[in-house]
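Colleague:
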Amino acid sequence: MIGRGSRRLRARRRLLQGGGALALARWLPAYAADRDLLDIPALSAFLAGRSPRWERVRLDLPQLADNGQAVPMKIAVDGPFAPGPQVRTIHLFSQRNPVPEMAVFEFPVPLERIEVESRVRLAGTQRVVAVVAMSDGVLFAAGADVIVTIDACMDGT
Amino acid sequence: MPDARVHVPGEVPRGKPFEVRILIRHPMETGYRTDDAGKPIARNVLSTFACRYNGEAVFSARLSSGIAANPYLRFFVTARDSGQLTFEWIDDSGVRGGERVAVTVV
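Now the structure itself:
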């Protein structure tokens, strides 16, 4: 009887520990992303001490890109926007490309659906960060890690 | 051969965002490559892209060598009245390009 009880206690403890670890893991990506910002000097220069919020932005890139010459990329910003602050610009930064600021997308008029898709060049396995600047000065960001098998800029032709 | 291919729905609902897709023929030369003689090939990137609806700027992009050759863009635009959607772009060598399509609001 006693033995079974203590076993149940141990199981309960393991469950609690597991739950704690899960709760911690939920926070880890945001923390890791914030720390990785320092890896990209152009991004640090753009932020100039401001820290973006890691929410509302979805940056879709394949986890594994066979060819860095053309990697499909999609940025979406979750609304609603009206009547609140609007999306002004989206800046796309690369960790390892020779030109770290890959693109800037500008939205001069208010829009209910913010979604941009393109194809990027990636010089190697790296992190890509999209920073969204709102009209009230708030920044939102999202990052994505891409493993690149064949780098762009390495074809040697 | 045309310089760009544009896909826009022929009829769009008033005030609702609609999808615009454009594919522009351009090498997006990075400036990091060399030719057969070993001479560097000058950078030539389609650096500025702008989209207007009935003359009003609705979307623009500043691109770098980090965008793949033959740049493809997909974005959303809202229309209140029928009109012309115009696209303009310019590359580092100063060559300009453009395209226009009609949009009917229903």
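First to last, the sequence lines map onto chains G and U.
Residues in the first sequence are numbered consecutively from 1409, following the working numbering.
Residues in the second sequence are numbered consecutively from 9, following the working numbering.
Note that the Cβ used here is the ideal one computed from N, Cα and C, for glycine as well.
Fair warning: this is a prediction, and the values are worked out from it, not measured in the lab.
Taking the alpha-carbon positions, what's the Arg41 (chain U) to Ala1560 (chain G) distance?
Modeller: Reading the second sequence from its first residue, position 33 is the one you call residue 41 (chain U). Reading the first sequence from its first residue, position 152 is the one you call residue 1560 (chain G). Arg41 (chain U) and Ala1560 (chain G): Cα-Cα distance of roughly 11 Å.
Colleague: Chain A partners of Phe83 (chain U), CB-CB under 8 Å?
Modeller: Among the protein chains of the structure shown, namely G and U, there is no chain A.
Colleague: Just reading off the beta strand (DSSP E) that Phe1548 (chain G) is part of, what are its end residues?
Modeller: In the first sequence, residue 1548 (chain G) corresponds to position 140, counting from 1. Note, Phe1548 (chain G): beta strand (DSSP E), Leu1547 to Ile1558.
Colleague: Buried or exposed: Tyr1439 (chain G), going by 16 or more other Cβ atoms within 10 Å of its Cβ?
Modeller: Within the first sequence, the letter at position 31 stands for residue 1439 (chain G). Only weak support is given to the placement of Tyr1439 (chain G): the predicted model assigns it a pLDDT of 48, under 50, and the value that follows is read from those uncertain coordinates. Exposed, by the Cβ-count rule.
Colleague: Closer than 8 Å is the cut-off here; do at least three beta carbon pairs connect the region 14-27 of chain U with the region 69-85 of chain U?
Modeller: Touching, yes, given that three or more Cβ pairs across the two stretches are closer than 8 Å.
Colleague: Closest Cβ-Cβ distance between Val1540 (chain G) and chain U: below 7 Å?
Modeller: In the first sequence, the residue the question calls residue 1540 (chain G) occupies position 132. So, not an interface residue.
Colleague: Could you compute how far the alpha carbon of Arg1466 (chain G) sits from the alpha carbon of Ala45 (chain U)?
Modeller: Working through the first sequence from its first residue, we reach residue 1466 (chain G) at position 58. Working through the second sequence from its first residue, we reach residue 45 (chain U) at position 37. Going by the C-alpha atoms only, they are around 44 Å apart.
Colleague: When the Cα of Glu96 (chain U) is compared with those of U:Ser90, U:Asp89 and U:Gly105, which residue comes out closest?
Modeller: Taking the second sequence and counting its residues from 1, one reaches residue 96 (chain U) at position 88. Checking every option, the nearest Cα to that of Glu96 (chain U) belongs to U:Gly105.
Colleague: Would you mind reading off the limits of the beta strand (DSSP E) that contains Ser55 (chain U)?
Modeller: Looking up residue 55 (chain U) in the second sequence gives position 47. From DSSP, the beta strand (DSSP E) with Ser55 (chain U) extends over Leu54 to Tyr61.
Colleague: Using a cut-off of 8 Å between C-beta atoms, extract the partners of Ala1478 (chain G) located in chain U.
Modeller: Your numbering for residue 1478 (chain G) matches position 70 in the first sequence. Under the 8 Å cutoff, chain U gives Ala76 and Ala77.
Colleague: Please report the straight-line C-alpha distance between Lys47 (chain U) and Gln1477 (chain G), rounded to a whole angstrom.
Modeller: Your numbering for residue 47 (chain U) matches position 39 in the second sequence. Your numbering for residue 1477 (chain G) matches position 69 in the first sequence. About 21 Å.
Colleague: How would you write the range of the beta strand (DSSP E) that Phe95 (chain U) sits in, first residue to last?
Modeller: By one-based count along the second sequence, residue 95 (chain U) stands at place 87. Start and end: Gly91 to Asp99.
Colleague: Do you know how far the Cα of Val103 (chain U) is from the Cα of Leu71 (chain U)?
Modeller: Looking up residue 71 (chain U) in the second sequence gives position 63. Looking up residue 103 (chain U) in the second sequence gives position 95. Rounded to whole angstroms, Leu71 (chain U) to Val103 (chain U) spans 15 Å at the Cα level.
Colleague: Where Ser1543 (chain G) and Asp43 (chain U) are concerned, what is the direct C-alpha to C-alpha distance, given to the nearest angstrom?
Modeller: Taking the first sequence and counting its residues from 1, the one referred to as residue 1543 (chain G) is at position 135. Taking the second sequence and counting its residues from 1, the one referred to as residue 43 (chain U) is at position 35. Straight-line Cα distance between these residues: approximately 45 Å.
Colleague: So is Gly74 (chain U) buried or exposed if we call it buried at 16+ other beta carbons inside 10 Å?
Modeller: For this step, residue 74 (chain U) is matched to residue 66 along the second sequence. Looking at its Cβ environment, which holds 16 or more other Cβ atoms inside 10 Å, Gly74 (chain U) is buried.
Colleague: Identify the contact partners of Pro17 (chain U) in chain G, using a Cβ-Cβ distance below 7 Å as the criterion.
Modeller: If you number the second sequence from 1, residue 17 (chain U) lands on position 9. Within chain G, no residue comes near Pro17 (chain U); the closest Cβ sits about 14 Å away, beyond 7 Å.
Colleague: When you compare each of U:Arg22, U:Val28 and U:Lys24 to Val1524 (chain G) by their alpha carbons, which one comes out closest?
Modeller: Start at 1 with the first residue of the first sequence, and residue 1524 (chain G) comes out as number 116. Cα-wise, what sits closest to Val1524 (chain G) is U:Val28.
Colleague: What residues in its chain sit with their C-beta under 8 Å from that of Arg1434 (chain G), if we drop five residues either side in the sequence?
Modeller: Indexing the first sequence from 1 puts residue 1434 (chain G) at position 26. Residue placement at Arg1434 (chain G) is flagged as unreliable, the pLDDT there being 48, under the threshold of 50; the coordinate-derived value follows with that caveat. Cβ neighbours of Arg1434 (chain G) beyond the five flanking positions: none.
Colleague: With which residues is Ser1543 (chain G) paired in a DSSP beta bridge?
Modeller: In the first sequence, counting from the first residue as 1, residue 1543 (chain G) sits at position 135. DSSP output for Ser1543 (chain G) lists no bridge partner at all.
Colleague: Any chance the region 59-69 of chain U sits against the region 1508-1524 of chain G, with 3 or more Cβ pairs inside 8 Å?
Modeller: Yes: at least three Cβ pairs fall under 8 Å.
Colleague: Could you tell me the alpha carbon to alpha carbon distance between Asp1474 (chain G) and Ile30 (chain U), rounded to whole angstroms?
Modeller: Translated into the one-based positions of the first sequence, residue 1474 (chain G) becomes position 66. Translated into the one-based positions of the second sequence, residue 30 (chain U) becomes position 22. So the two alpha carbons sit approximately 24 Å from each other.
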